[in-house]
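Here's the structure we're looking at; comments come further down.
Residue numbers (our numbering): 213 to 958.
Have a look at this one:
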């Protein structure tokens, strides 16, 4: 870890050398002096202004995180200076012609950066002695940039996504732009004639930075590959078939028109396919496009393709960089995702502050890792329920042990996520079987587990060759609440905990519990794999929407947003985290179509509230949390909407005080919470204590006490303490670029 910290300090020093700019607005991302560290929980006074002079700003990314050979750059003259007098060079070559005058400064997409470090210099003819210098570090367009050495990529999807055959082993392909339109029936269709507007084209109206736009609902759809991930960027187009406009000199695509806001859509699921994959959500979201948003997606921000959130953040950086280069700086970037897609959003907001300015999360999870602990518990429980002793439990008894509203929830968890620890399943179907792990025939093959795909984070066991796992169930008293409530008998409680076992390194059930090394658990916390309320998590608007389906056994149950809130407020009022609001919307029936309609309606409602919130927030100054609280519109408040209600019941305390919301929509738990864990659900490995009779709401006999000592020879979880190694992330904006693989050492 010391090497990583040293790398970070060196990077900061390199970027600071010769820097001549002061901070840009938060939504503008990195500049020549910005190293993002979050907006701050309480806000702060603005930094002191730098001495006046020429200023160079890298607009499309951090100055040390340019991907490819180009970047959008702004050069501002000294106070009273003239942009026409400026000269800009890149590594000695004059690149002034790549700029144009934009509001009294030079701005343009500069081409010519080389992999490694380049130097931009700016001077004015009226004062040749004054010069601004900006060091820039560029990375390959296909990465890696922050996620560490590439893991294997076993299958490309460029041909399936109409990009043609891949051009290299990184699944690269040429970028293409297609033209589409939205018809009056709401369908998106190809433009048969790029030079004409179809007669059935719908019209669209929205506000841009330049005023009102009204015209046919035409779309520009860009598709390409960055960070080995296929991406899509869609905007409304001014005219069919118009090319990329470079006449302004800014590199801005003049064929597109937008409101200045970007939405990146994250895909649900969790996988380790080792394939390029495909996004499960569409960038051709006509509801968002009709409001003037630019909409982007990427296969590597899709959890079912890969759910390493660092790779997801890295991919978002590069996609957003592409948006800025093509269309200019967004005034706000909003994350939009459901389930594990929302987990990616929460972790990016925490660990890479500044990338996202707000979020709409539908049935989201606070992170991936803490949820996987519960998923592994469910898989073990389902395995035990298949034994004669487990099969004797009734559905209601199982629900009590599981902590869920119904026993169907654990079964769903096992079905959806039970294979994530198995290295022989979940690989991309197109991968060559000869490259994949087989314990008998190919023990060194690629292991398709979520932890092996995150080996740059957790490290690798040199003895087994497998990635370390921060997964632990030692001391967990499964069914503790159930035995204390009388739902199960003591004998059943003992049989359960004696027989539940754990997972071995290949994801197979073993008799003993699975145990994580304390240093591996500490790494998970320290690197930000658990949402902990740091970075921007308490500083940006986030609306969590739950579509009430707990009684049906859905995995995305109503517990999840409250686990996140409890981490952010640490036992205090919801007002301590004014940016996180929780909604519940109940479908009118149990049909999946009704749930989907409810989700879609709630998402539209949440976006409207977030936009109002961002607009008001942008006009406020001072400490961040009071501004976040004061700018929040009433329609963004915590709320519920039962079927038949005309309007939501809203308020700061609708979930912690008696009333229609709390009473109708109870928050259940999961196997860990039903074993005594806190609702924060963020303890990966518990501290142990001796078997304690005080844990049981009945008098233990001596024989029962002896049985418990046999079942828990090293002790039981002491939930009154924080977890082993539990801490908040040590630093934001972390890079794993310094990780060295055995192959590199060879």
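Ideal Cβ positions, reconstructed from N, Cα and C, are used throughout, including at glycine.
No experiment lies behind these values; they were computed from the predicted model shown.
Check: Who are the near neighbours of residue 622 in its chain, counting only those whose CB is closer than 7 Å to its CB and skipping five residues on each side?; Outcome: 590, 593, 594, 614 and 616
Check: Nearest by alpha-carbon distance to residue 803: which of 781, 768 and 760 is it?; Outcome: 760
Check: Quick check on residue 644: buried or exposed, where buried means 16 or more other Cβ atoms within 10 Å of its Cβ?; Outcome: exposed
Check: Quick one: residues in its chain with C-beta nearer than 6 Å to the C-beta of residue 725, no 5 flanking neighbours on either side, listed in chain order?; Outcome: 685, 686 and 714
Check: Return yes when the Cβ of residue 758 is within less than 7 Å of the Cβ of residue 886, no when it is not.; Outcome: no
Check: Please confirm whether residue 275 and residue 572 have their CB atoms less than 7 Å apart.; Outcome: no
Check: What three-state label does DSSP hand residue 796 in the structure shown?; Outcome: strand
Check: Spatial neighbours of residue 599 within its chain, please: CB distance less than 7 Å, with the 5 preceding and 5 following residues excluded, ordered by chain position.; Outcome: 711
Check: Compare the C-alpha of residue 514 against each of 673, 355, 479 and 538 and name the closest.; Outcome: 479
Check: Using 10 angstroms around the beta-carbon of residue 597, count the other beta-carbons present and answer buried if the total reaches 16, otherwise exposed.; Outcome: buried
Check: Kindly list the residues whose CB is nearer than 6 Å to the CB of residue 733, restricted to its own chain and excluding five residues on each side of it in sequence; keep chain order.; Outcome: 682, 896, 897, 936 and 937
Check: Tell me the rounded alpha-carbon separation between residue 670 and residue 730.; Outcome: 12 Å
Check: Using 8 Å for Cβ pairs, my map puts residue 797 next to residue 755. What's the rounded Cβ distance?; Outcome: Wrong, their Cβ atoms sit about 11 Å apart, outside the cutoff.
Check: From residue 233 to residue 342, what distance separates their C-alpha atoms?; Outcome: Residue placement at residue 233 cannot be trusted, given a pLDDT of 34 that sits under 50; the coordinates are not used to answer.
Check: From residue 487 to residue 688, what distance separates their C-alpha atoms?; Outcome: 36 Å
Check: Starting from residue 963, follow the beta strand (DSSP E) in both directions and report where the run begins and ends.; Outcome: The structure shown does not extend to residue 963, since the chain spans only 213 to 958, so no value can be given for it.
Check: Taking C-beta to C-beta, are residue 267 and residue 288 nearer than 7 Å?; Outcome: yes
Check: What number of angstroms, rounded off, separates the C-alpha of residue 439 from the C-alpha of residue 370?; Outcome: 13 Å
Check: Does DSSP put residue 590 in a helix, in a strand, or in coil?; Outcome: helix
Check: Could you tell me which of 835, 821 and 840 sits nearest to residue 829, measuring between CA atoms?; Outcome: 840
Check: Helix, strand or coil: which one does DSSP assign to residue 424?; Outcome: strand
Check: Skipping 5 residues on each side, what residues in its chain have a beta carbon closer than 6 Å to that of residue 782?; Outcome: none
Check: On a Cα-Cα basis, can you pick out the residue from 642, 656, 690 and 566 that is closest to residue 609?; Outcome: 690
Check: Would you please state the rounded distance, in angstroms, between the beta carbons of residue 640 and residue 395? I believe it to be under 8 Å.; Outcome: Not really, about 35 Å apart at Cβ, beyond 8 Å.
Check: If you follow the alpha helix (DSSP H) that residue 780 is part of, which residue opens it and which one closes it?; Outcome: 771-781
Check: Return yes when the Cβ of residue 940 is within less than 7 Å of the Cβ of residue 744, no when it is not.; Outcome: yes
Check: Using only CA atoms, which one of 352, 357 and 399 lies nearest to residue 384?; Outcome: 352
Check: Check the C-beta distance from residue 772 over to residue 578 and give it rounded, since I have them as a contact under 8 Å.; Outcome: 6 Å
Check: Buried or exposed: where does residue 423 fall if 16 or more other Cβ atoms within 10 Å of its Cβ makes it buried?; Outcome: exposed
Check: Do the stretch 517-532 and the stretch 495-504 touch if we need at least three Cβ pairs shorter than 8 Å?; Outcome: no
Check: Using a beta-carbon distance below 7 Å, is residue 594 in contact with chain B?; Outcome: Although the question refers to chain B, the structure presented lacks it and comprises just one protein chain.
Check: Going straight from the alpha carbon of residue 447 to that of residue 605, what length do you get?; Outcome: 55 Å
Check: Just to check my reading of the structure: residue 893 and residue 882 have Cβ atoms closer than 8 Å, yes? What is that Cβ distance to the nearest angstrom?; Outcome: 7 Å
Check: Any idea what DSSP makes of residue 964, helix, strand or coil?; Outcome: Given a span of 213 to 958 for the chain in the structure shown, any question on residue 964 remains unanswerable.
Check: Could you check which residue in 470, 851 and 843 has the C-alpha nearest to that of residue 418?; Outcome: 470
Check: Taking buried to mean at least 16 other C-beta atoms within 10 Å of its own C-beta, is residue 948 buried or exposed?; Outcome: buried
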